[in-house]
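Presented below is the structure to which this report refers.
Protein chains: 2
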Amino acid sequence: MRKRVWVGLFAVLLGAFALAQQAVPKLTPEEMERAKEIYFQQCAGCHGVLRKGATGKNLEPENLLKQGKGVDYLKTIITNGFGGMPAWGKLGILSPEEVDLMARFLLNPVPEPPPWTFAEAKATWRVLVPVNERPKAPETKRNWENYFGVILRDVGKVAIVDGDTKELVAILPTGYATHILRSSKDGRYFYTIGRDGWAKIIDLWMEKPKVVAEMRACLDARSIDTSKYEGYEGKYAIIGCYWPSAFLVVDGQTLEPIKMVSTQGYVKSQGEFLRENRVASIVSSHFSPEWIVNIKEAGQTWLVDYDKIDKKGRPVSITVIDTERFLHDGGWDKSKRYFLVAANAMKKIVVIDAKTREFVASIPVGDKPHPGRGANWVHPKYGPVWATGHIKDNKIAVIGTDPEGHPEYAWKVVKMIEAPYPGNLFIKTHPKSPWLIVDFPVAPTPEANATLCAWQKDDLEKDPICWQVPGALEKKARMVHIEFNKDGTEFWVSAWGNVDTPTFIVVYDAQTLKEKARITGDWVITPTGKFNVYNTANDIY
Amino acid sequence: MRKRVWVGLFAVLLGAFALAQQAVPKLTPEEMERAKEIYFQQCAGCHGVLRKGATGKNLEPENLLKQGKGVDYLKTIITNGFGGMPAWGKLGILSPEEVDLMARFLLNPVPEPPPWTFAEAKATWRVLVPVNERPKAPETKRNWENYFGVILRDVGKVAIVDGDTKELVAILPTGYATHILRSSKDGRYFYTIGRDGWAKIIDLWMEKPKVVAEMRACLDARSIDTSKYEGYEGKYAIIGCYWPSAFLVVDGQTLEPIKMVSTQGYVKSQGEFLRENRVASIVSSHFSPEWIVNIKEAGQTWLVDYDKIDKKGRPVSITVIDTERFLHDGGWDKSKRYFLVAANAMKKIVVIDAKTREFVASIPVGDKPHPGRGANWVHPKYGPVWATGHIKDNKIAVIGTDPEGHPEYAWKVVKMIEAPYPGNLFIKTHPKSPWLIVDFPVAPTPEANATLCAWQKDDLEKDPICWQVPGALEKKARMVHIEFNKDGTEFWVSAWGNVDTPTFIVVYDAQTLKEKARITGDWVITPTGKFNVYNTANDIY
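Quick mapping for you: the protein sequence lines, in order, are chains D and U.
For what it's worth, our numbering labels the leading residue of the first sequence as 302, then goes sequentially.
For what it's worth, our numbering labels the leading residue of the second sequence as 302, then goes sequentially.
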């Protein structure tokens with residue numbers, strides 16, 4: 302009798318435990334740490350650290366379980382990819398063990414991401430070369446305005462390459478998966494931001510460029526820019542964070558943190574509250590002392606005014622405009638008055654007028670637009686236009702951007718070009734080149750990944766010239782990111798391979814599309830984005 | 302043997318349970334609901350819904366336990382009060398059972414407060430009398446500009462009283478513990494905000510004033526104001542929320558929600574993130590189309606610009622200024638250019654210049670300043686001044702507010718008046734009255750609570766005239782909140798009693814300080830704040 306009571310009580314307790322543990326596969330503490338790391342590196346960008354979804358689907362365990370998505374289902378998806386998601390297993394980026402680990406991890410409760418404070422950011426701040434010890438004039442004899450900053454993505458470095466001689470000038474550590482580089486207005490400094498939230502300033506006037514200041518703004522970041530408005534050139538910089546969702550205004554010469562502003566807040570229209578409300582792209586206005594800051598999940602564009610930040614109480618003015626959800630990247634039209642930014646999951650391009658500081662238009666385009674900064678030029682019929690490619694379909698949308706001179710075409714897709722492949726990430730041109738160059742690094746086949754296409758800017762009806770880049774397939778490399786040199790006489794494209802194999806950067810003639818040179822070397826590991834000093838400083842693309 | 306295993310396993314499981322429950326007193330679900338309700342009503346204002354502390358101490362259970370504060374300690378404090386905290390038990394506001402319940406509740410984990418979205422706020426919105434069905438001109442023959450809106454706090458109502466005849470004109474339900482009333486610029490509408498987040502508009506042009514629109518902005522709110530800048534009069538209103546920490550801009554005629562902005566964010570200087578970052582006082586600028594919005598825990602003053610909110614994307618500009626932590630209430634100087642606001646736990650008054658839109662000064666005053674809107678006048682020696690009383694000490698701080706005419710006194714305490722008691726909540730004057738009137742509703746003795754004092758504005762060295770209001774002690778009432786009539790010939794003070802006993806509002810001659818009249822009636826239950834239409838619309842205090 303007594304034994305029955307014990308056993309009965311035990312069964313009840315065991316049942317309660319089992320219920321709480323239902324369908325949640327166990328992870329060891331070591332597995333949990335490893336899974337969190339992989340999730341941060343490969344998954345959080347699209348699905349969010351809180352797994353609420355954005356560009357990618359919601360992955361909260363209660364939703365997965367409700368939909369009956371167990372370990373096996375998740376392993377299949379992670380292995381083979383789905384929609385815009387890479388085939389992590391098949392591509393060999395995750396091992397079968399890692400795929401299994403991630404499938405189990407996703408059914409566990411979402412770990413609380415760590416907090417981060419202004420004081421913590423400030424504690425990481427270091428000025429490596431004080432401002433008064435930096436060169437007063439360029440020390441180098443090189444044509445530093447034609448330097449290229451090349452991201453060596455998977456080794457966390459930036460290479461400075463002489464665009465005239467194609468020589469390597471310096472290699473600098475810039476943090477995990479450096480995302481972008483931006484230039485000071487005069488081009489002297491490169492500002493880098495890594496996905497680990499580290500911001501760095503590189504001084505290009507030195508004989509050998511060095512990191513002169515660094516600061517960890519947050520735990521995950523994607524964007525940085527400097528103050529470019531007349532009278533404020535290089536005075537401030539801004540860093541846009543994914544986690545915690547916030548931006549940080551810093552001193553433009555030293556990265557000293559000045560003000561941190563949270564972007565957690567309410568989604569436009571329905572107004573549910575989002576802890577993960579990330580800062581996507583940022584550009585520096587040429588019409589006002591402000592940055593245009595795009596808040597991804599909320600669907601808001603914030604105009605962040607920096608002209609009073611030196612006054613008592615560090616005032617920053619923020620104009621909060623509801624635009625479209627899932628804002629990502631974008632760039633200027635030819636006049637640099639209109640900023641065009643992709644709302645990727647909404648299949649739209651949002652237009653902000655930097656002069657009137659207003660939301661002008663929201664333009665339906667193709668599936669998952671990904672312009673980078675896009676490409677702008679003057680078309681003989683449509684006038685000034687700006688173009689974006691797409692990740693999920695094989696379209697290039699060309700949009701009229703001249704409401705005064707060409708009102709009938711303004712804020713409309715004047716031409717939807719058919720490309721041979723989907724999976725475009727970047728599109729680029731230069732005022733001196735007749736060509737619009739397009740890559741396909743996230744297309745589904747290695748052949749497409751190795752291919753580049755060029756359209757004639759003034760006759761979009763003509764078939765493109767497309768070519769497979771020799772050597773790319775052999776290196777298992779994806780050709781990615783086009784950048785022109787200062788004079789617009791050539792453009793560079795990276796062969797993004799894997800971390801074990803040096804690849805190359807190929808240099809093409811901007812008129813003939815003939816290969817002119819190939820930059821190689823042991824150091825050419827996972828090259829991705831490249832930023833020409835003059836073009837980046839002057840927003841030429 | 303087998304039995305031993307069962308028993309052993311059982312003991313282990315039971316131990317794990319016990320550990321998880323250590324020192325956490327059990328509450329039934331009914332007790333939990335009741336405790337949450339009491340906490341919201343009596344405690345959250347000072348300690349915060351998340352119990353992180355603000356005006357009051359941190360009450361998170363892990364901190365209480367760490368400090369060895371158990372049920373008995375907490376019961377003693379809740380019964381007898383501590384520092385600025387009322388003696389909830391002794392005063393009979395909480396029964397001994399409720400005191401015990403609250404002590405146990407505080408040792409339990411902080412319940413997650415409910416969320417609230419823009420869509421939920423909008424779903425509560427009702428226009429009871431459409432704008433085109435409202436009077437085009439005053440329908441009443443009464444002198445409506447001399448109406449007083451009297452908060453009947455503990456019954457959730459507002460009485461409209463004719464200031465000329467002292468007759469009751471209407472009683473309107475306005476929600477739990479209505480906090481303040483504000484007027485449209487023309488005085489026609491009263492805007493009310495309850496601590497339950499309900500906002501209402503009362504139309505005073507009707508023969509019998511009615512609630513013409515209502516909307517629940519959030520779950521806990523303290524402030525409301527309207528657009529008063531020339532050209533925008535009555536166009537918009539703003540509601541400041543405690544939970545969720547946010548503000549909501551609404552249509553000024555109908556309360557239709559337009560934009561909700563979260564105020565969750567980083568504390569000034571150290572920059573730790575706060576979910577509970579509440580909107581304290583709000584005033585409407587006379588120099589720009591903006592409101593001055595005070596964010597309590599972060600120590601920030603936000604200038605919220607409403608002049609573009611009708612454009613595409615509903616732009617709102619917010620200038621975020623770091624001022625001082627624990628901002629509370631405040632009011633204008635005589636010129637209505639400078640807004641002075643208490644940072645109560647910092648023992649400071651913050652000054653904002655509405656013309657230059659800058660943070661001007663932070664002035665040390667006494668312990669826990671509580672100005673209400675304060676009092677302003679011109680002193681023969683110091684020039685224009687503004688004064689605040691204090692909750693925790695018996696001082697009245699008089700501050701010079703004329704940096705141009707009297708720079709030697711500007712932003713300094715020119716006179717610290719000694720009052721007979723601490724526990725002041727409100728202070729008031731009128732340009733036509735020689736007196737500065739002061740109450741003591743939160744002083745520690747019933748005699749002090751029943752007392753009012755008057756200082757001669759032009760000779761602050763003279764002893765005050767103080768008197769105990771006849772009838773207050775008998776009604777166990779605290780005399781609270783002074784308001785002048787339109788002409789400044791009389792002032793009214795409420796006798797704040799308990800919910801079972803009607804009390805009175807006493808009317809004094811503003812020159813002689815003699816009692817002129819007493820407003821009584823069954824409806825005079827827990828009268829507190831009173832708002833004269835003309836003085837509230839024109840910021841006269």
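A virtual CB, placed ideally from N, CA and C, is assigned to each residue, including glycine.
Burial state of Met717/U is exposed, judged by a 10 Å Cβ sphere holding fewer than 16 other Cβ atoms. Taking C-beta atoms as the reference points, Ile525/D and Ile494/D count as a pair closer than 7 Å. With respect to chain D, the C-beta atom of Ser528/U has no partner C-beta closer than 7 Å. Contact between Thr377/U and Ala388/U does not hold, since their C-beta atoms are separated by about 10 Å, which reaches or exceeds 8 Å. In the structure shown, Thr380/U falls within a helical segment according to DSSP collapsed to helix, strand and coil. In its chain, beyond the 5 residues on either side, Ala355, Leu575 and Asn578 have a beta carbon closer than 6 Å to the beta carbon of Glu598/U. In the three-state scheme derived from DSSP, where H, G and I count as helix and E and B as strand, Gly476/U is classed as coil. What Val617/U touches in chain D, judged by beta-carbon distance under 8 Å, is Thr620 and Val621, going in chain order. For Arg483/U, the enclosing beta strand (DSSP E) begins and ends at Ile481 to Ser484. Inclusion of Tyr835/D and Lys777/D in the CB contact set at 7 Å is not warranted, their separation being larger than that value. Interface residue (Cβ-Cβ distance to chain D less than 7 Å): Gln565/U is classified as such. With a 10 Å radius around the Cβ and a threshold of 16 neighbouring Cβ atoms, Ser528/U comes out buried. By alpha-carbon distance to Asp373/U, the top candidate from Met386/U, Glu398/U, Lys358/U and Thr837/U is Glu398/U. Considered as a whole, the region 474-547 of chain D harbours 481-484, 490-494, 499-504, 511-517, 521-527 and 537-544 as its complete beta strand (DSSP E) runs of no fewer than 3 residues, in chain order. The residue among Lys609/U, Val428/U and Asp654/U with its C-alpha nearest the C-alpha of Lys612/D is Asp654/U. By the beta-carbon neighbour count (other beta carbons within 10 angstroms, threshold 16), Asp623/U is buried.
Using a Cβ-Cβ cut-off of 7 Å, Lys613/U is close to Glu659 and Phe660 of chain D, given in chain order. For the region 580-624 of chain U, the continuous beta strand (DSSP E) assignments of 3+ residues that do not extend past its boundaries occur at 580-585, 591-596, 601-606 and 617-623, in sequence order.
Taking the CA atoms as reference points, Tyr530/D sits about 54 Å from Trp736/U. In the same chain as Ser563/U, and ignoring 5 residues on each side of it, the C-beta atoms closer than 6 Å to its own belong to Ala547, in chain order. Following the DSSP letters along the chain, one finds Ile339/D inside the alpha helix (DSSP H) bounded by residues Pro330 to Ile339. Boundaries of the alpha helix (DSSP H) harbouring Asn836/D: Val834 to Ala838, taken from the DSSP string. Counted as a single uninterrupted DSSP element, the beta strand (DSSP E) harbouring Thr752/D occupies residues Thr752 to Gln757. CA-to-CA, the gap between Cys519/U and Gln343/U works out to about 18 Å. Here Phe785/U is bridged, per DSSP, to Phe792/U.
Contact annotation for Val562/D against chain U: Gly566, Tyr567 and Val621 [CB-CB distance below 9 Å, chain order]. Distance check between Glu659/D and each of Asn645/U, Gly614/U and Asp630/U places Gly614/U closest, using alpha-carbon atoms only.
For Ala581/D, the number of other beta carbons within 10 angstroms of its own is at least 16, and it is reported as buried. With a minimum length of 3 residues, there is no unbroken run of beta strand (DSSP E) contained wholly in the region 388-452 of chain D.
Excluding sequence positions up to five before and after Trp678/U, its CB lies within less than 6 Å of the CB of Thr730 and Lys758, all in the same chain and listed in chain order. Beta-carbon to beta-carbon, Leu392/D and Pro326/D are separated by about 24 Å, too far to satisfy the 8 Å threshold. For Asn364/U, the enclosing alpha helix (DSSP H) starts and ends at Pro362 to Lys367. Using a Cβ-Cβ cut-off of 9 Å, Pro416/U is close to Glu573 and Phe574 of chain D, given in chain order.
Here the region 474-488 of chain D lies against the region 446-457 of chain D, with 3 or more beta-carbon pairs under 8 Å apart. A Cβ-Cβ separation of about 6 Å places Ala838/D in contact with Lys486/D under the 8 Å criterion. Comparing alpha carbon positions, the residue from Leu482/U, Leu761/U, Asp608/U and Thr466/U closest to Thr821/U is Thr466/U.
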